[in-house]
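Engineer:
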Amino acid sequence: MALTPSNMLALGTQAPDFILPDTISGKNFSLNDLKGARATVVMFICNHCPYVKHINSELVNLANDYLLRGINFIAISSNDAVAHPEDAPEKMKQVALELKYPFAYLYDESQKVAKDYDAACTPDFYIFDKNLLLVYRGQLDDSRPSNNIPLSGKDISAALENILTNKPVSPHQRPSIGCNIKWK
202 MALTPSNMLA
212 LGTQAPDFIL
222 PDTISGKNFS
232 LNDLKGARAT
242 VVMFICNHCP
252 YVKHINSELV
262 NLANDYLLRG
272 INFIAISSND
282 AVAHPEDAPE
292 KMKQVALELK
302 YPFAYLYDES
312 QKVAKDYDAA
322 CTPDFYIFDK
332 NLLLVYRGQL
342 DDSRPSNNIP
352 LSGKDISAAL
362 ENILTNKPVS
372 PHQRPSIGCN
382 IKWK
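Taking the numbering used here, the leading residue of the sequence shown gets 202, the next gets one more, and so forth.
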């Protein structure tokens, strides 16, 4: 595992479109199918990364809270499942059901979507406004598997609260950090 920070895609970037299979439902979805009325959180995650495992419960809590407020969450795994079988679609579905993910868990087998978003690590977070323009990219919060800081989701929550109250999202954002995406 190589500790890797986010690439910090330029704020204002239009969300790249995609059509990917959802490992939970078996259906293909586009960004337009899954976007939220107020905002959309796109997360690059995977099953095996200890940084993702560490935050999974907070992802579920945040999504359950904000889904009711017009913000949709989309999880994407772009890892090479041949080299990392724990990240294969059938295992993704199993994890999503066990953890009760309230969001689609899409598989980016070609890794094109990760490249389009300039994703570098898991977890990597992007928040797009109702027009699908990037307003936030970076960390969930300051908690890491080994630092004993409790999970709070404060960085993502602050950005989402600003969107919901029609305030600008602060451009001072800290990169996420985690395992590098497992490229083919």
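Glycine residues also receive a C-beta, built at the ideal position from the N, C-alpha and C atoms. Source: prediction; values computed, not measured.
With a cut-off of 8 Å, do at least 3 Cβ pairs link the segment 249-264 to the segment 208-221?
Structural biologist: In short, these stretches do not touch, since the Cβ pair count stays below three.
Engineer: Which residue wins for smallest C-alpha separation from Arg262, given the options Pro303, Asp342 and Leu335?
Structural biologist: Correcting the residue type first, residue 262 is Asn in the shown sequence and not Arg. Here the closest residue by C-alpha is Pro303.
Engineer: If you count every other CB in all the chains shown that lies within 10 Å of the CB of Ile350, and 16 or more means buried, which is it?
Structural biologist: It is exposed - the Cβ of Ile350 has fewer than 16 other Cβ atoms within 10 Å.
Engineer: Closest to Thr205 by CA distance: which of Leu341, Ala321, Phe326 and Lys355 is it?
Structural biologist: Checking every option, the nearest Cα to that of Thr205 belongs to Ala321.
Engineer: Is DSSP giving Ile364 helix, strand or coil here?
Structural biologist: Ile364: helix per DSSP, three-state reduction.
Engineer: What distance in whole Å lies between the Cβ atoms of Phe329 and Leu341, which are believed to be in contact at a cut-off of 8 Å?
Structural biologist: At roughly 16 Å, the Cβ-Cβ gap does not stay under 8 Å, so Leu341 and Phe329 are not in contact.
Engineer: So, helix, strand or coil for Asp325, using DSSP?
Structural biologist: It is a strand residue.
Engineer: Applying the criterion that 16 or more other CB atoms from any shown protein chain within 10 Å of the CB defines a buried residue, is Ile357 buried or exposed?
Structural biologist: Buried: at least 16 other Cβ atoms inside 10 Å.
Engineer: From the DSSP output, read off the bridge partner residues of Phe274.
Structural biologist: Looking at the DSSP assignment, Phe274 forms a beta bridge with Val242.
Engineer: What does the alpha-carbon distance come out to for the pair Lys236 and Phe274?
Structural biologist: Between Lys236 and Phe274, the C-alpha separation is close to 8 Å.
Engineer: In angstroms, rounded to a whole number, what distance separates the CA positions of Ser371 and Asp234?
Structural biologist: So the two alpha carbons sit approximately 28 Å from each other.
Engineer: Mind reading off the beta-carbon distance from Tyr337 to Gln374? Whole number of angstroms is fine, and I expect it under 8 Å.
Structural biologist: Right, the Cβ-Cβ distance comes to about 6 Å (below 8 Å), so this counts as a contact.
Engineer: The alpha helix (DSSP H) spanning Pro251 covers which residue range?
Structural biologist: Start and end: Pro251 to Leu268.
Engineer: Work out the CA separation of Ile277 and Asn229 for me, nearest whole Å.
Structural biologist: Cα to Cα, Asn229 sits roughly 13 Å from Ile277.
Engineer: If you draw a straight line from the alpha carbon of Glu362 to that of Lys355, how long is it in whole angstroms?
Structural biologist: Spanning the two alpha carbons is a distance of roughly 10 Å.
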